[in-house]
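Below is one structure, written out as structure tokens; comments come after it.
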Amino acid sequence: MEDIEFERIPRYVSATAAYRRGLGVIWETPPGIGGWLSSVDHKKIGICYIVTAFAFLILGGIEALVMRLQLIGPDRHLLTPEQYDQLFSTHGMTMIFLYAMPVLSGFSNYLWPLMLGSRDMAFPRLNALSYWIYVAAGLFMYAGFAIGVGPNDGWFNYVPYASRPYNPGMNIDFYALGMIYLGISTTVGAANFLVTVMRTRAPGMSVNRMPIMVWGTLTASAANILVVPAVSLAFFLLWMDRQFGTHFFDVSAGGQPLLWQHLFWMFGHPWVYAVVLPAMGMVSDALPIFCRRPLVGYTPVALSTVATMILGFGVWVHHMFATGLPNLALSFFSGASIIITVPSAVAVFAWTATIWLGRPVITTAFLFFSSMIVLFVIGGVSGFMTASVPVDWQLTQTYFVVAHLHYVLIGINLFPVVGAIYVWFPKMTSRLLDERLGQWNFWTMFIGFKLAFLPMHLTGLRGMPRRIYTFPDHMGWNILNLVSTVGAFVLAAGVLLLLVNVIQSLRSGRLAGANPWDGATLEWSVPSPPPSYNFAVIPTVVSRHPLWEDRLQESADRSTAIEGMLLDHGRETLATTLLDGDADAILKMPGESYAPLLLTVGLSGFFVGLLLHQWWLAAFGGAVATASIVGWLWPERALAQIAQPRHV
Amino acid sequence: MSATSSATATTAHPSPHRAKVSLAALLFGLVGGPAAWFGQFVANYALASFACFPHDTPRVGTGPLWPSVPTAMLAINIAGMAIALLAAFVAWRLWSVTHGEQPGPTSHLLEVGEGRTRFLAVVGLMAGLGFFGAIAFNVVALLMVPTCAG
Amino acid sequence: MSDTAIEATPSAPRPLAVGGLGYAGVGWWGMITVIVTEASLFGYLLFAYLYDAVKVDGEWLTAMPSVRFALPGVLLLLASSLAILWGSRAGAPERLRAGFLAALLCGAAFVALQLLEWHGKAFSIRSDAYGSMFYIITAIHLAHLLAGLLALALVLVWSMLGYFDSRRHDPVIIVAAYWHFVVGAGAAVFIVLYVTPHLW
Amino acid sequence: MNSSSLSLACAAILALTLPATAAPPLGYLRGFGPKSDPVVQLTWGLLALSTLVVVVVTALVVIGTLLRRARGGGGIARAPVERGGSGLRWISVGLGISCVALLLSLVWTMVVLAAVNAPPRPARVTIEITAQQWWFKARYLSPDPSRVFTTADEIHIPVGEPVRIRLIGADVIHSFWVPALSGKMDAIPGQINETWIEADHTGRYGGECSEYCGVQHAHMGLVVVADPAAQFQQWWDGQLRPANSPQSAQTVAGERDFEFHCGACHSARGTAAGGTVAPDLTHLMSRGTLAGGMLANNIGNLAGWLANPQSLKPGTNMPNLYLSGQEIASVTAYLQTLQ
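Quick mapping for you: the protein sequence lines, in order, are chains D, V, X and F.
Just so you know, this note's numbering puts 1154 at position 265 of the first sequence, and the rest follows in order with no gaps.
Just so you know, this note's numbering puts 1195 at position 124 of the second sequence, and the rest follows in order with no gaps.
Just so you know, this note's numbering puts 473 at position 32 of the third sequence, and the rest follows in order with no gaps.
Just so you know, this note's numbering puts 27 at position 24 of the fourth sequence, and the rest follows in order with no gaps.
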């Protein structure tokens, strides 16, 4: 018989080997394929996310290289127009939806509980669900491409070209249903991040002590739960139009093509910020480690992260400057798009000042982060140019925009991510990446990137429209395109060097120890790789830089991860209050579960059924999904969800 | 992080002055500016676009659907600026109550940022002023760009 | 301010709720994120309706919508919300079950009214953009309501299994929050679909 | 090697690759009229400002790194950690300068927006352009119905006069773009967009659809020809004439074949060919290009196009007609008469 435990005064102990062993037994994922499929460990899920996202990055990169071969010179016939259209659409879909956001989710998944001093995310099973759905939705979206009917209307998929009369194949159906499906993954992931940051920070970690990366992912997640419904709805309405003859976007029966653009960009532009803000946060957290000083201007940088997102909700129409909206209406969006430069400038000046006022140690990671500042500024000013309505009337839909968005996505996502791999790979694997190969990796990527995309600004200024599968001679674009193609291959070689470094270092890299870079935040206080329970005792935080307190000497208090609450009655972690991180409750964490996988299988059946009009399959999948949800939510005694004692 | 200190030892609360300020005022200081900006932005956008392009044909050379639209937009704009300023003022008041929350010079507020209440107050102050500026940017458009195409 | 003293946390440890009771847990906070994202969905849905309505060249409405079914429906929803409020305030399991059962019945009656209204409409989802919008908005709301009914039923079952007492009843407050949201969304849908047409 | 010298190297490569003489046909860094001139100045202004910002920040990052880098070995763990200066002045000064620059850019943007909002004087010519997969139909409007006519892909305008463009999207969304004269304006089904252009030099200005519109988006060009006023009137009058009557036996046969094979889609006014879904060919030979600007209008291309449009422009709405060699020759000969 076991009595109900409603309250407990947690034991404060010093972490000893015996406690660690006990926690290991409680938290360890069982070995084997079953353990892997049912694991809810945020560290495993985080690494799975990162690896899967890189797989998609490589796929998207190969698509890009094929397109660059087609565009190496005028009038090439490597690809048919239809092949080219599917390639550029799939490339955009892959990089924006299947690489850029998931890779950041992977890092945040891995790092958040470690940075926040918690033992897992707030909803570990939801975490597994968001990963499985991401994989399933990615495969779903690629299935069309694999059988030759990939999306072919670009990543923003404008109607009416995406409507059935002009696009009768299944191409858009794969994309539409896949995006709705992927939206579920993004939404549950974002909800998980939000509750994690609101409820499971270490005691003492008030909102002014959170790492900037946490601010970044928090902001991105808040944006996601607000805007993902817009795109899911848009794709759902489009699918209804295509399959059931409704008229949401059909002009002949009172629908509006521009409704698509509004719904898409209300989502699309905030999303663009959501895929860069966490990466900017990585730079804000990791660049100072290599500059050997705290970030300059934490408060303005934290605010600028949030302010970017808020302003980001008011710039969606700058993708629609040429749609005929009245000039005054456009000018509001012009103003918002120009002023959004201000918070970005705050970050740039803060990073630059951190370099100038620190003593930078030039490692590969530092090179990626510091070059990111420059790439960010180039992507920023080209964005600033497109914010000016009359200028954008010329720039939009040309290669200038292609250059801009690649500077933004590669410069502010890929470069920080690769830098972050150099920083946190030792934490994940216990081995350092090779620095010598790292330098080669950096310079190859940097030079390749510059060669590929700097000329594209000029290609655009010389009038080359985007999304054309070939171009005639004598347009003044030949040499620029040749240079871009060469650069794209150099960039690809740089990414290849990264993979070589990763594989080689996994086997024979130098051992890292807990804190190879002498970092300041909590994740560096645990061994590499961290134990399954992360922290033997719940750490107490008294400043923003727990591991630098002795050296910064900014207050008399000291953070600790040595002594604290033990919490070992099963899987447990601490809930703290929203603003101040006061200890509030003991959370019971779920163990391994197949429910997320089963729910994903059910949902996959549901979406495949919808795609193929196999209503029995959709109904069956929906029933499996509903049953998994009910089973998942059924109160469990082990999770302290049932009031009655066992003997009743 | 020191291995010798104890979690049960007396550590400073992150916001010793939390009892001195009302959470509602803090919240208004934080969200007043952004909310005012977003509200006036969306309202003016809706007005400007519908008044000049109501259905399927733009009103070129005929002026807006309702002659009072420019005035209305300016009024909305000014109201937005007033709310943002008010939020900044409230945040400034809260900051002056709480800026002694942790020792150190004023620049510590922005850099070290200790003291959760004063951190939020100073963030509110910056947000209020910043979004006041953002709304002011829209005045430029209202004053310079004709309401509908000629 | 002269008061720069640093206030110390009381070092005496206090008991913490195990499993995070009610608002101290994570479930209720998770539901808030669900509500925010679903509320956004309804926001975009109603935006889409209003956008097509104001941009259309010519008549938007096929016929002025009748409130014959919708008004009793929305009143039923409001009544169900009150029943939930009444039921979830109490520690008594009988009152909880009575309140949730009443809400469930009100919700089921709303579903019946909705189906009756659909049945009697002169236009279909394929007639024109208005028809498409009308049916999709009411259908998406109905889907949310059905999910809410399932949740209410689960709470009833769990209550009958004796899972809840006056301290541990997280699913009650979580499902109640969701139900209030569904009712609120229903009211918003009612205002946009049935009230605004009379305003222009 | 550091990133600024690298950027310089890139700039040098770019400079070398650009023949200074050949102006790119779709470039927009030079304007040719009151609609484009203020925009061109603004573009250059923002480009210069942007370049300056990039150079300054790059220099700051590179110089800061080089000047301040930790010297001596021992690895990162041995390097001391200290807060040093607050650095807030960097942010406040940087933001101050940025805000001034941004405000000036905004004001300049609004000035330009107001300047190009409406033509300097009322337009006397209005062209209704219907964009469709993958060509532009141009209808010249006039209060006098007898002066209305339709042409395709090549539009003439009087030099020095504003011309109003009414844009109709016939199928999917397209965009009307003549870079030297004006920025883009989309042609969207279900709504009519209006814009205007004006050229202050005579000449041929290239244009292109710039909104992705399907498989042949790459080949949807147009040309704007700015003529002196008298010549423009003459051109308009010429366009009103019906198609020339065929004279030779081959062209008479060609006309018959044309009516039979092409007339369901194309028209030649004055003949039985009255189709409206494809370009009006009444004065085909007055145009410089074929197939949405893809091919130069000469006899060889015309014959090749008639023989196999799908191989030249895969996916185009013109089907392969499987004409015999004789039919191709006669239709080509006939089309040559459509001056």
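Beta carbons: idealized from backbone N, C-alpha and C, even for Gly.
Asked                                                                                                                         : Found
The stretch 1242-1259 of chain D touching the stretch 1170-1181 of chain D, judged by at least three CB pairs closer than 8 Å : yes
Short CB-CB distance (under 8 Å) between residue 107/F and chain D                                                            : no
Contact set between residue 600/X and chain D, taken where Cβ atoms lie within less than 8 Å                                  : The premise fails here: residue 600/X is roughly 10 Å from chain D at the closest Cβ pair, so nothing lies under 8 Å.
DSSP state of residue 157/F mapped onto helix, strand, coil                                                                   : strand
DSSP-derived helix/strand/coil call for residue 1540/D                                                                        : Because residue 1540/D is not part of the residues shown, which for chain D are 890 to 1537, the question remains open.
DSSP-derived helix/strand/coil call for residue 508/X                                                                         : coil
Candidates 1089/D, 967/D and 1017/D, of which the one nearest residue 461/X by Cα                                             : 1089/D
Where residue 33/F sits in the DSSP three-state scheme                                                                        : coil
Any C-beta of chain D under 8 Å from that of residue 481/X                                                                    : yes
Per DSSP, the bridge partner or partners of residue 1449/D                                                                    : 1429/D
8 Å Cβ shell around residue 1179/V - same chain, five flanking residues per side excluded                                     : 1173 and 1185
is_contact[residue 844/D, chain X] using C-beta, thresh 8 Å                                                                   : Since the first residue shown for chain D is 890 and the last is 1537, residue 844/D is missing from the structure and cannot be characterised.
Inter-residue spacing [alpha-carbon to alpha-carbon] between residue 454/X and residue 1471/D                                 : 12 Å
Amino acids of chain D, ordered along the chain, whose beta-carbon sits closer than 8 Å to that of residue 605/X              : 1532
Any chain X beta carbon closer than 8 Å to residue 1184/D                                                                     : no
Local conformation of residue 224/F per DSSP, three classes                                                                   : strand
CB contact below 8 Å: residue 877/D versus chain V                                                                            : Beyond the ends of chain D as shown, which are 890 and 1537, falls residue 877/D; an answer cannot be given.
Inter-residue spacing [alpha-carbon to alpha-carbon] between residue 628/X and residue 515/X                                  : 6 Å
Cβ-based burial, residue 323/F [other Cβ within 10 Å; buried from 16]                                                         : exposed
Residue 128/F: contacting residues in chain V (beta-carbon distance under 9 Å)                                                : Here the premise fails: no neighbours, minimum Cβ distance about 15 Å.
Three-state class that DSSP yields for residue 635/X in the structure shown                                                   : helix
DSSP state of residue 39/F mapped onto helix, strand, coil                                                                    : coil
Residue 1130/D: first and last residue of the uninterrupted alpha helix (DSSP H) it sits in                                   : 1101-1133
Closest Cα partner of residue 1410/D within the set 1357/D, 973/D, 922/D and 1005/D                                           : 1005/D
Backbone CA spacing between residue 1089/V and residue 1171/V [nearest angstrom]                                              : 12 Å
Contacts that residue 1187/D makes with chain V (C-beta to C-beta distance below 8 Å)                                         : 1181, 1182, 1183 and 1184
Span of the beta strand (DSSP E), counted from its first residue to its last, around residue 189/F                            : 185-190
Close beta carbons around residue 1483/D, own chain, < 6 Å, minus the five adjacent residues each side                        : 927
C-beta neighbour in chain D for residue 501/X, strict 8 Å                                                                     : yes
Whether residue 503/X touches residue 1084/D by CB criterion (8 Å)                                                            : no
Within 8 Å, strictly: CB atoms of residue 1138/V and residue 1123/V                                                           : no
Residues near residue 1267/D in its chain [Cβ-Cβ closer than 6 Å; skip 5 each side]                                           : 1296
Residue 1384/D to residue 1192/V span [Cα, whole Å]                                                                           : 44 Å
Residue 897/D versus residue 543/X - alpha carbon distance                                                                    : 37 Å
Proximal residues to residue 119/F (C-beta, below 7 Å), its chain only, five neighbours per side dropped                      : 38, 41 and 42
Ranges of the alpha helix (DSSP H) found wholly within the stretch 79-120 of chain F, counting only runs of at least 4        : 91-119
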